[in-house]
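Visitor:
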Amino acid sequence: MQGYRYLDDTAILRLDAEKCIGCGNCLEVCPHRLFTLNDGKARITDGNACMECGACARNCPVEALFVNPDDGCGCAHYIINSWLARVLNKQSNGCGC
Ligand code: SF4
Ligand code: SF4
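Counting from 1 along the sequence shown, just add 2 to a position and that's the residue number in this note's numbering.
#1: Nearest by alpha-carbon distance to G56: which of L67, L9 and G26 is it?
#2: Just tell me which of C28, E54 and L9 has its CA closest to the CA of V64.
#3: Please find out if some non-hydrogen atom of ligand 2 comes closer than 8 Å to the beta-carbon of L67.
#4: So what does DSSP say about I14, is it helix, strand or coil?
#5: Between A87, K43, L39 and I82, which has its C-alpha nearest E20's C-alpha?
Laid out in structure tokens, this is it:
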């Protein structure tokens, strides 16, 4: 999802591969498809595209994922505004948060 991104190195998304049991829930629920399964363990493919919605962490049965939208900067509003600005050929006005 190269076109739907926030600022690099700002999203707080952590995966504890030791805890992961490879259930695949995070692959199903992530709206940006940021996970793959390799050798029975989830992997984050592009953490900078995370918008910190929290869906992966809420649906992980073993708490292997950690997302903190309160302290992070990922913001769906910003991503949508950036996309609209690009489509409309205008300057983005940020997220407004
Ligand atoms: S917080 Fe949301 S966007 Fe980020 S990895 Fe989890 S499900 Fe995907
Ligand atoms: S939801 Fe949790 S246990 Fe399941 S694959 Fe993702 S990280 Fe692993």
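Cβ atoms here follow ideal geometry from the backbone N, Cα and C, with glycine treated the same way. All of these numbers come straight from a predicted model, not from anything done at the bench.
Guide: With the given structure in hand:
#1: L67
#2: C28
#3: yes
#4: coil
#5: K43
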